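Last residue of the sequence shown? That's 723 in full-length UniProt numbering, and every number before it is there in order.
Yeah, the Cβ is synthetic: ideal placement off N, Cα and C, and Gly gets one too.
Computed from a prediction, not measured in an experiment: that's the story for all the values here.
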Amino acid sequence: HGVHTTDSARRWRQQPTPARAPQRARGTRPTAGAARSHGVHTTAIMVFPMCGILAAFDIGRLGSRSADRAHVVDRARLLTHRGPDWSTTESLGNGTYLCHERLAIVGPDEGTPGAPKDSKGEQPMHSESGRFSWVVNGEIYNAPELVEKHGLQCHSASDSEVVGLLFERFGPSCVSMLDGMFAFVVVDKDSGSIFAARDHMGIIPMYMARGHDGSVWFASEMKAFAKDDLIERYEEFPPGHAFERDSAGAETMRRWWSPRWITDDTYVPHARANLEAVRSTFIRNVQSHLMADVPHGVLLSGGLDSSLLSAVAVKHGMEAENRSWGRGQKLHTFSVGIEGAPDLLAARKVADHLGTNHHEFTFTPQEALDAVKEVVYYIESYEQVRASVPMYLLARKIKALGIKMVLSGEGADEMFGGYLYFHMAPNAAEFHRECVRKTSRLHKWDVLRANKATQAWGVEVRVPFLSQGFIDTAMNISPEDKVVDMSHKPDGTHPQMEKYILRKAFDTPDDPYLPDDVLWRQKEQFSDGVGYDWVDALREHAEAAVSDEMFDKRAERFPSDPPTTKEYYLLRSLFEEHFPEPCADEQIPKGKSIACSTPEAVAWRQEWIESAGDISGRAVGGVHDAADGFTMDKDAVAGKQALNHAHPSSLEGLGTTGGVAMSNGATAAAAARRINGDRPSTATAAVRRSAPARRPRLRPGNRTTSRSALSVRSLSRPVVFCL
1 HGVHTTDSAR RWRQQPTPAR APQRARGTRP TAGAARSHGV HTTAIMVFPM CGILAAFDIG
61 RLGSRSADRA HVVDRARLLT HRGPDWSTTE SLGNGTYLCH ERLAIVGPDE GTPGAPKDSK
121 GEQPMHSESG RFSWVVNGEI YNAPELVEKH GLQCHSASDS EVVGLLFERF GPSCVSMLDG
181 MFAFVVVDKD SGSIFAARDH MGIIPMYMAR GHDGSVWFAS EMKAFAKDDL IERYEEFPPG
241 HAFERDSAGA ETMRRWWSPR WITDDTYVPH ARANLEAVRS TFIRNVQSHL MADVPHGVLL
301 SGGLDSSLLS AVAVKHGMEA ENRSWGRGQK LHTFSVGIEG APDLLAARKV ADHLGTNHHE
361 FTFTPQEALD AVKEVVYYIE SYEQVRASVP MYLLARKIKA LGIKMVLSGE GADEMFGGYL
421 YFHMAPNAAE FHRECVRKTS RLHKWDVLRA NKATQAWGVE VRVPFLSQGF IDTAMNISPE
481 DKVVDMSHKP DGTHPQMEKY ILRKAFDTPD DPYLPDDVLW RQKEQFSDGV GYDWVDALRE
541 HAEAAVSDEM FDKRAERFPS DPPTTKEYYL LRSLFEEHFP EPCADEQIPK GKSIACSTPE
601 AVAWRQEWIE SAGDISGRAV GGVHDAADGF TMDKDAVAGK QALNHAHPSS LEGLGTTGGV
661 AMSNGATAAA AARRINGDRP STATAAVRRS APARRPRLRP GNRTTSRSAL SVRSLSRPVV
721 FCL
């Protein structure tokens, strides 16, 4: 609002400036040059609809257009949870249908009496010539800049219109111009050609299917294709790719996003960390992701990633958006956990420091268990269930508050090696390769969970860490600057712990973003943050539900990668109920994991190879202790005892190199280069136990806290899950 634009460009539908403090349109920058040239001061209403989409081509098996349409509508309605505000299905002829289930993240003036329909961003959208039609799920954060740069003639206030207009002018190459999270399908009605694309990281889900009749389908979730006799096979549309079918029917699938770190297996970056670039890039990303004129907030756990996200949103987001969430209002933050858990205190402390409007929600292990079956249905996976259930419960509460959009901190752990098992990387090059594996597979794991667990209740999640600009910055930093070395303090104060670069980039004592004990707080495993009460309750439930006889015959029921625990047997059984087709199971990542590692990283340690595979942080518990409650002694004699991978009690006697625990007990050479200057080329290290400090009690501050319990019960071991 208060954006200066040109008349001729017609960049967004213009309305008279309301009699209130002018606000900048979401995500736009003032176009002062245009104002000087034309002297026009107008209000731009920006409509950003998240949704579910479905596109079907060459449908005709049912024998009548009405039957075909009814079938397509039935399939699209399975996506209504993603867009509960409105549903639209259009037939374009020749067996082509475009469907849109809409969740509107809109300007406050939408819906005013007399407002044209096209200002609402309703889809499918059509070019002025009528040649092109399209549906889009996502957000295009640089839409205003693209409109300004290319003089696009917009007839609506929606960023989704920009996608089709760019395609009309530039063709398939337009996808590389987009900065955002998206999945879209464009139809050329003159030639019959199809173009579909998905964002660089797969933040927005999309699946592709083939019908027995030769039809081609695209949809936001695979549940639109499950249990459908007309569908022969479906699979995930790969992130960073584009699909084309030309007028002759020839099909191609190509990668449109090809950074070297993801396409060159031999590439290991050597650039030193630029802390200013890390900080400034992330700040810009958060500002662009705060484009919303509806109440919004941040998922806050009190850990580093969510705390930094909240701090930047408060410090820079309100300034950039001119307090777009309302004069006198505060940013909302949300956390969820079991009543009385210590990690809720961490979230409260951050909220208190930032002065946010903080909301806490509690649940019990039984309530989590009651939600497991529906969570498996909504996330379309039997992986990530431990972490998805609390997020699903929280999203329901967020929706009840009238909040439609939240920011979340996914991605930082993968890019900077933040998981605790990274301490065990054998060398810097392998550390980098694991970062690449983890980051490039996020669409199968945390990104999938974040999107689907929240969209189950019509809540949109945005992930600023995963913008193209920040990924390019982070993934081209030398891994020698990322590896963990708890014996080294490059800044003279804090050891080079996990995600040291990110911590140090926001370590600004003169104008602090976060309290020091939050900025340098030890990483918590995501699902373990809920506490072992929830994790153990799930395991105990599975033990009771799956008999020994059933488990002994698991290879007969699940011949592809049989489950190694009763928990996985149960979850796969629930998944199979919802998605019985073999192709559905093929979309789920397979292989052994230790504390969220990739299967490749399991080979780092012999005891990991021999173990059954524990996805929780307990598998590397000794590393956790070493980084948090232990102290380093350079003069200690290394070489007593190897790490007990199951439930280690200490890491005493392990040599380290760059944060790598050496099971042979030998002293090791320290990492050669660090962020802040030179350091000795060799060092010995061992780990010695020290008592962890008691967490201080917090006093109320300028934070507003809302605490809403799903159910409050007496628990023997208070624990927490925070997002």
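Q. Closest to residue 751 by CA distance: which of Ala209, Cys583 and Trp217 is it?
A. The displayed coordinates of the chain run from 1 to 723. Any statement about residue 751 would go beyond what the structure contains.
**Study point:** Contact check, Leu407 vs His289, beta carbons under 8 angstroms
**Key:** yes
> With DSSP run on the structure shown, which of helix, strand or coil describes Gly151?
Replying inline: coil
Looking at the secondary structure, which residues open and close the alpha helix (DSSP H) in which Ile501 lies?
Start and end: Tyr500 to Ala505.
Exercise. Consult DSSP for Tyr97 and reduce its assignment to one of helix, strand or coil.
Key: Tyr97 falls in the strand class under three-state DSSP.
What's the gap between the Cα of Arg198 and the Cα of Gln606? Arg198 and Gln606 have their alpha carbons spaced roughly 39 angstroms apart.
### Task
Name, in chain order, the residues that DSSP records as bridge partners for Trp134.
Met125 and Val186
For the structure I just gave you, are there three or more beta carbon pairs, one from the region 496-504 and one from the region 447-459, closer than 8 angstroms? The way I'd put it, the region 496-504 doesn't touch the region 447-459; fewer than three beta-carbon pairs between them come closer than 8 angstroms.
Put His71 into one of helix, strand or coil per three-state DSSP. helix
Problem - Those residues which DSSP pairs with Ile140 across a bridge - result: Gly180
Discussion item. If you measure between the beta carbons of Val484 and Met475, is that distance less than 8 angstroms?
Written reply: With respect to Met475, Val484 sits apart: the two C-beta atoms are not nearer than 8 angstroms.
* Burial state of Ala183 (16 or more Cβ within 10 Å) -> buried
Fill in: Endpoints, the alpha helix (DSSP H) within which Phe551 is located
Asp548 to Asp552
Practice item. Check the C-beta distance from Lys499 over to Val459 and give it rounded, since I have them as a contact under 8 angstroms. Key: Going by Cβ atoms, the distance from Lys499 to Val459 rounds to 27 angstroms, so no, they are not a contact pair.
key: Identity of the residues DSSP links to Ala473 by a beta bridge   = It is Thr, not Ala, that sits at residue 473 in the sequence shown. Partner(s): none; Thr473 has no beta bridge.
(request) Compare the beta carbon distance of Ala601 and Ile477 with 8 angstroms and say whether it is the shorter of the two. (result) Their beta carbons are not under 8 angstroms apart, which means Ala601 does not touch Ile477 by this criterion.
Whole angstroms are fine: how far does the CA of Pro479 sit from the CA of Asn427? 9 angstroms
Query - Residue environment, Ala666, which counts as buried when at least 16 other CB atoms sit within 10 Å - result: Any answer about Ala666 is weak, because its pLDDT of 29 lies below 50 and its placement is not dependable; what the coordinates show is given next. Looking at its Cβ environment, which holds fewer than 16 other Cβ atoms inside 10 Å, Ala666 is exposed.
Margin query: Measuring straight from C-alpha to C-alpha, what distance separates Pro464 and Gly297?
Written below: 13 angstroms
Applying the 10 Å Cβ sphere with the 16-neighbour rule, what's the burial state of Asn285? buried
Q. What separation, rounded to the nearest whole angstrom, lies between the Cα atoms of Ala626 and Met486?
A. Unreliable positioning characterises Ala626 in this predicted model, as indicated by a pLDDT of 49, which lies under 50. The coordinate reading is nonetheless provided below. Rounded to whole angstroms, Ala626 to Met486 spans 8 angstroms at the Cα level.
Is it buried or exposed, Val94, if we count other Cβ atoms within 10 angstroms and call 16 or more buried? Reading the sequence as shown, one finds Asn at residue 94 and not Val. The residue is exposed, with fewer than 16 neighbouring Cβ atoms inside 10 Å.
>> Looking at the secondary structure, which residues open and close the beta strand (DSSP E) in which Asn357 lies?
In response: Asn357 to Thr362
Please classify His270: does DSSP put it in a helix, a strand, or coil?
Here His270 sits in coil by DSSP.
Check: Hey, which unbroken runs of the alpha helix (DSSP H) at 4 residues or more fall wholly within the region 237-271?
Finding: Complete alpha helix (DSSP H) runs here, min 4: 260-263.
* To do: Using alpha carbons as the reference points, say which of Ile203, Glu244 and Ala351 lies closest to Ile140.
  => Ile203
Original post:
Between Ser258 and the rest of its own chain, which residues show a CB-CB distance below 8 angstroms, the 5 nearest in sequence each way excluded?
Top reply: Gly240
* Which residue from Ala143, Ala224, Ser247 and Val163 puts its Cα closest to that of Gly52? -> Ala224
Original post:
Should Arg131 go down as buried or exposed, given a rule of 16 or more other Cβ atoms within 10 Å for buried?
Top reply: exposed
Buried or exposed by the 16-neighbour rule on C-beta atoms within 10 Å, applied to Thr454: buried
Requested in this report: Kindly indicate which residue of Ser280, His270 and Ala341 has the alpha-carbon position closest to the one of Ser301.
Outcome: Ala341
- Message: Out of Val175, Tyr421, Ala313 and Glu577, which one is the CA nearest neighbour of Val350?
- Response: Ala313
Q | As assigned by DSSP and simplified to three states, the class of Val461 | A | strand
Bridge partners of His332, per DSSP? Gly297 and Asn357
Query - Nonlocal neighbours in the same chain, by C-beta distance under 8 angstroms from Gly469, ignoring five residues either side - result: Asp179, Thr281, Arg284 and Asn285
In whole angstroms, what separates the C-alpha of Val162 from that of Gly192? 21 angstroms
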